[in-house]
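Residue 1 is where the sequence shown starts when you use the UniProt record's numbering, and the numbers rise one by one after that.
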Amino acid sequence: MPLSCGDQMLELSGRYLKRLPIPVCSLSTLQKLYISGTGITELPEEIEGLQELRILALDFNKLEEVPEALCRLPHLTRLYLGSNRLFGLPAEFYQLKTLRCLWIESNYLYRFPRALLQMPGLQSLQMGDNRLRTLPNGLPRMRGLRGLWLYGNRFDEFPKPLLCMTQLHIMDLDRNKLTELPDLSHLRRLRLFSYDHNPVEGPPNVADSVVVVGEGAQEFMEAREERLQALREQEAEEQEEIESEVLQTNLKNDSSMLDDGEGSFSALECSPEET
Numbered sequence: 001m002p003l004s005c006g007d008q009m010l011e012l013s014g015r016y017l018k019r020l021p022i023p024v025c026s027l028s029t030l031q032k033l034y035i036s037g038t039g040i041t042e043l044p045e046e047i048e049g050l051q052e053l054r055i056l057a058l059d060f061n062k063l064e065e066v067p068e069a070l071c072r073l074p075h076l077t078r079l080y081l082g083s084n085r086l087f088g089l090p091a092e093f094y095q096l097k098t099l100r101c102l103w104i105e106s107n108y109l110y111r112f113p114r115a116l117l118q119m120p121g122l123q124s125l126q127m128g129d130n131r132l133r134t135l136p137n138g139l140p141r142m143r144g145l146r147g148l149w150l151y152g153n154r155f156d157e158f159p160k161p162l163l164c165m166t167q168l169h170i171m172d173l174d175r176n177k178l179t180e181l182p183d184l185s186h187l188r189r190l191r192l193f194s195y196d197h198n199p200v201e202g203p204p205n206v207a208d209s210v211v212v213v214g215e216g217a218q219e220f221m222e223a224r225e226e227r228l229q230a231l232r233e234q235e236a237e238e239q240e241e242i243e244s245e246v247l248q249t250n251l252k253n254d255s256s257m258l259d260d261g262e263g264s265f266s267a268l269e270c271s272p273e274e275t
């Protein structure tokens, strides 16, 4: 097997495998395992033997479920499950306390997996191209989430729980069925909002720091840049006026002090005691 000892990585992607070889699961020091596009349909219970695993790539396979044993990998930080045949995640999935990045796009998720609501440490969640129509009210409990990709689902209304996700940096709702977008200007940490390929007429109201992608976004950002440029020029002019006034005041004060000094010197020269 092509095992890289330098960083304890095993690359099996692209090889046809009926199942994951059991001997792989005995590599107790393995940290990265790539088995993308191999055609496997299930994972053995022995996979929990990979106790040092950090990265596991299982995308582009034929998995129909995630085994409970996978949920007992104590150091897993990145898990790629995209392009499989998953309808959900096991209830024990929340046990992956160290998981920071989960890609589960292009599956058959009709409901948001409840286990994810118990994972406040998750930072990046890729759920594009699934079957979601709603999001749970408990979504804001995922306080660590910074990027959320929901493109290609079946939302026909903007999911209200997203309005409470004030910590998000990236929100992607491309290719849904949204006809209206709410005011998002209160999401002060948002940096990218994508709503392309939705039947909406234009972008929502967002903070000035947000890049928007979708119908009318280019014109919106150009107009915003013109407005911000005008504000910057106005502020610069006001600052110049303030600095000019301060300079004139300082010069006037210096001149007054000089006049007072000359008057005292003249009086001293003409004082009776010295004539």
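Even glycine gets a Cβ: it sits at the ideal position worked out from N, Cα and C.
With contacts defined by Cβ atoms closer than 8 Å, Asp-174 and Gly-152 form a contacting pair. Look at Tyr-94 here: in three-state DSSP terms it is helix. The beta-carbon distance between Gly-138 and Leu-117, rounded to whole angstroms, is 5 Å. This is short enough to meet the 8 Å contact definition.
Spatial neighbours of Ser-185 in its own chain (CB-CB distance under 7 Å, excluding positions within 5 residues in sequence) are listed in chain order as Asn-205, Val-206, Ala-207.
In the displayed model, Ala-57 falls within a strand according to three-state DSSP. In the structure shown, Glu-45 falls within a helical segment according to DSSP collapsed to helix, strand and coil.
Boundaries of the beta strand (DSSP E) around Gly-147: 147 to 149. When DSSP states are grouped into helix, strand and coil, Lys-160 belongs to the helix group. By the C-beta density criterion, Tyr-80 is buried, having at least 16 other C-beta atoms within 10 angstroms. If the five residues before and after Phe-87 are omitted, its C-beta is found closer than 6 Å to the C-beta atoms of Tyr-108, all from its own chain and listed in chain order. In the DSSP assignment, Phe-193 forms a beta bridge with Met-171, Val-212.
In terms of CA proximity to Glu-45, Ser-26 leads the group Leu-89, Ser-26, Ala-236. Residue nearest to Gly-49 within the set Phe-60, Pro-74, Gly-37, Thr-38 is Pro-74 (criterion: CA-CA distance). Within the same chain, and ignoring the five residues on either side of Arg-146 in sequence, the residues whose Cβ sits closer than 6 Å to its Cβ are Gln-123, His-169. DSSP, reduced to helix, strand and coil, places Glu-65 outside both helices and strands of the structure shown, so it counts as coil. Burial of Pro-159 is indicated by the presence of at least 16 other C-beta atoms within 10 angstroms of its C-beta.
Put simply, the backbone Cα of Leu-10 is about 6 Å away from that of Lys-32. Around the Cβ of Asp-172, a 10 Å sphere holds 16 or more other Cβ atoms; the residue is buried.
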